[in-house]
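*Asks:*
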Amino acid sequence: MDRLNSLMRGSMMGGSSAPPGAVSEPKSERTPSVMLRIFGGDSNLVDNSETVYISSLALLKMLRHGRAGVPMEVMGLMLGEFVDDYTVRVVDVFAMPQSGTGVSVEAVDPVFQTKMMDMLRQTGRHVPETVVGWYHSHPGFGCWLSSVDINTQQSFEQLTPRAVAVVVDPIQSVKGKVVIDAFRLINPQTLMMGHEPRQTTSNLGHLNKPSIQALIHGLNRHYYSIGINYRKTGLEENMLMNLHKHVWTEALQMDDFSEEGGKNQDKLKRLVGLAEGYEKRVKEETELTKDQLKTRYVGKVDPKKHLEDVGQQLIEDNIVSVSRQMIDKEASVAKTNGANGHQDGHQNGNMDVDEEL
Numbered sequence: 065m066d067r068l069n070s071l072m073r074g075s076m077m078g079g080s081s082a083p084p085g086a087v088s089e090p091k092s093e094r095t096p097s098v099m100l101r102i103f104g105g106d107s108n109l110v111d112n113s114e115t116v117y118i119s120s121l122a123l124l125k126m127l128r129h130g131r132a133g134v135p136m137e138v139m140g141l142m143l144g145e146f147v148d149d150y151t152v153r154v155v156d157v158f159a160m161p162q163s164g165t166g167v168s169v170e171a172v173d174p175v176f177q178t179k180m181m182d183m184l185r186q187t188g189r190h191v192p193e194t195v196v197g198w199y200h201s202h203p204g205f206g207c208w209l210s211s212v213d214i215n216t217q218q219s220f221e222q223l224t225p226r227a228v229a230v231v232v233d234p235i236q237s238v239k240g241k242v243v244i245d246a247f248r249l250i251n252p253q254t255l256m257m258g259h260e261p262r263q264t265t266s267n268l269g270h271l272n273k274p275s276i277q278a279l280i281h282g283l284n285r286h287y288y289s290i291g292i293n294y295r296k297t298g299l300e301e302n303m304l305m306n307l308h309k310h311v312w313t314e315a316l317q318m319d320d321f322s323e324e325g326g327k328n329q330d331k332l333k334r335l336v337g338l339a340e341g342y343e344k345r346v347k348e349e350t351e352l353t354k355d356q357l358k359t360r361y362v363g364k365v366d367p368k369k370h371l372e373d374v375g376q377q378l379i380e381d382n383i384v385s386v387s388r389q390m391i392d393k394e395a396s397v398a399k400t401n402g403a404n405g406h407q408d409g410h411q412n413g414n415m416d417v418d419e420e421l
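Add 64 to a position in the sequence shown, counting from 1, and you land on the number used in our numbering.
1. Along the chain, where does the alpha helix (DSSP H) that runs through ARG185 open and close?
2. Distance check for HIS370 and THR151, CA to CA, integer angstroms please.
3. What residues are listed by DSSP as bridge partners for ILE290?
4. VAL238 lies in the beta strand (DSSP E); which residues open and close that run?
5. Is ALA246 closer than 7 Å to ARG116 when the C-beta atoms are compared?
6. Give me the DSSP bridge partner(s) of TRP198.
7. At 4 residues or longer, what runs of the alpha helix (DSSP H) sit wholly inside the segment 253-323?
8. Kindly indicate which residue of PRO367, LYS331 and GLY326 has the alpha-carbon position closest to the one of LYS424.
9. Any contact of the segment 260-270 with the segment 216-236, i.e. 3+ C-beta pairs under 8 Å?
10. Could you give the DSSP three-state label for LYS364: helix, strand or coil?
11. Tell me the residue span of the beta strand (DSSP E) that contains SER119.
12. Using 10 angstroms around the beta-carbon of ILE280, count the other beta-carbons present and answer buried if the total reaches 16, otherwise exposed.
13. Name the DSSP beta bridge partners of PHE205, please?
14. First and last residue of the alpha helix (DSSP H) that includes LEU109?
15. Within the same chain, show all residues whose beta-carbon is closer than 6 Å to that of VAL386, passing over the 5 residues directly before and after it, in chain order.
16. Could you give the C-beta distance for VAL196 and GLU145, rounded to a whole number, given that I count them as a contact under 8 Å?
17. Check for me: the alpha helix (DSSP H) holding VAL212 runs from which residue to which?
18. Is the beta carbon of VAL154 closer than 7 Å to that of ILE118?
19. Checking 7 Å against the spacing of the C-beta atoms, do GLU114 and ILE290 come in under that value?
20. Going straight from the alpha carbon of ARG131 to that of ALA122, what length do you get?
21. Could you have a look at ASP149 and say whether DSSP puts it in helix, strand or coil?
22. State the CB to CB distance for the pair SER237 and LEU127, rounded to an integer number of angstroms; the pair is presumed to be in contact (CB under 8 Å).
23. Taking MET318 as the reference, give the member of ILE292, ILE391, ASN251 and GLU351 with the closest Cα.
24. Is there contact between the segment 348-358 and the segment 297-315, where contact requires at least three CB pairs shorter than 8 Å?
25. Among the residues of its own chain, which have a CB less than 8 Å from the CB of VAL147, if the five just before and after it don't count?
26. When you compare each of SER322, TYR361 and GLN377 to LEU332 by their alpha carbons, which one comes out closest?
27. Report the residue ranges of all beta strand (DSSP E) runs contained in full by the segment 328-361; include only those spanning at least 3 residues, in chain order.
28. Within 10 angstroms of its Cβ, does MET160 collect 16 or more other Cβ (buried), or is it exposed?
29. From ASN328 to LYS393, what does the alpha carbon distance come to, in whole angstroms?
30. Exposed or buried, SER140, counting other C-beta atoms within 10 Å across all chains shown (16 or more means buried)?
31. Answer yes or no: do GLU300 and SER120 have a C-beta to C-beta separation smaller than 7 Å?
32. Roughly how many whole angstroms lie between the Cα atoms of MET136 and HIS129?
33. With a threshold of 6 Å on Cβ separation, who are the neighbours of LYS364 within its own chain once the five nearest residues in sequence on each side are excluded?
34. Does the beta-carbon of ILE292 have 16 or more other beta-carbons within 10 angstroms, so that it is buried, or is it exposed?
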């Protein structure tokens, strides 16, 4: 019986017998190293200062594709290269023939992707440019990844471990501020071990404050955010600055007279309607009591204020139009006089030559 108890006690303490003189490694120190080797903990971690550099062409094409698909979601592939461990460069994008409803998009069409890569190979762009990730739009509801987006990103990361998922919101994006973010999945095995998904060497990965929607939908739990920067050359910057540049001569361009007449008639009709509404309101104010007037015009249009705004706009537009006509008339008269004077001088010169002959 004592022998049986000793055997059971030995099995509970380790399950393996060691020689009397052998020194065994403590279990608390041996287990983490074994688990790290099993789950790949010794591999190099991604740095949090990794940045995705998006070119101006790629950003414009993404925004244009997203605006064209509103209110549906659209998606596409990003072309570029992985320069080093800290830089992902996106040179160009091309749209995919998929669209989604709600907060998810369909899977990538491999046939279309193969055809596009073959076309790029024909143009000679396949050498430096490869598929570095994918992008899709979230029109109006922020930048984050849904469960379907996470599954799509998993398929990309199986082919390319450093693949990036870019989410752009074309509705919330305004001039000078693009609502865009880049994500990559977190390995669940590292979370099980209690390790950080990325190593921290700088504050570049913590400059952008995450939104509440992204945190609710799994940011820093299922995926992490990557910093985005926009790579612009001097020529690209000059081109973008001149894209919507206003010239002072635009104020001198005359509009069509029929269009201006139609606009004036519409504004005059609106003025008549507002004047009638204002007259009606003045009569009601004399008939109703103070308590009735407090709730009478709640949520209704104030005809007096709109009457002033429409009248002032009508006067300003007509003054500018008349000024344009006067400037155009003076310029045309001066041009005609100059042409006539040049022609008269040429004729007088011919007469002098004839007299000399």
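For every residue, glycine included, the Cβ atom is placed at its ideal position computed from N, Cα and C.
*Replies:* By the coordinates alone:
1. 174-187
2. 55 Å
3. Answer is ALA246, bridged to ILE290.
4. 228-238
5. Inspection of the sequence shows that residue 116 is occupied by Val rather than by Arg. Yes, these two residues count as a Cβ contact at 7 Å.
6. LEU141 and ALA229
7. 276-280 and 298-305
8. This structure leaves residue 424 out entirely; the chain is present only between 65 and 421.
9. no
10. LYS364: coil per DSSP, three-state reduction.
11. 115-119
12. exposed
13. DSSP, once it has assigned bridges, lists no residue as partnering PHE205.
14. Careful: LEU109 lies outside any alpha helix (DSSP H) and carries neither H nor E.
15. none
16. 7 Å
17. 211-223
18. yes
19. yes
20. Distance between the alpha carbons of ARG131 and ALA122: 14 Å.
21. coil
22. 6 Å
23. ILE391
24. no
25. ARG153
26. The shortest C-alpha separation from LEU332 is found at GLN377.
27. none
28. buried
29. 22 Å
30. Going by the sequence as given, residue 140 is Gly instead of Ser. By the Cβ neighbour-count rule, GLY140 is buried, with 16 or more other Cβ atoms within 10 Å of its own.
31. yes
32. 11 Å
33. none
34. buried
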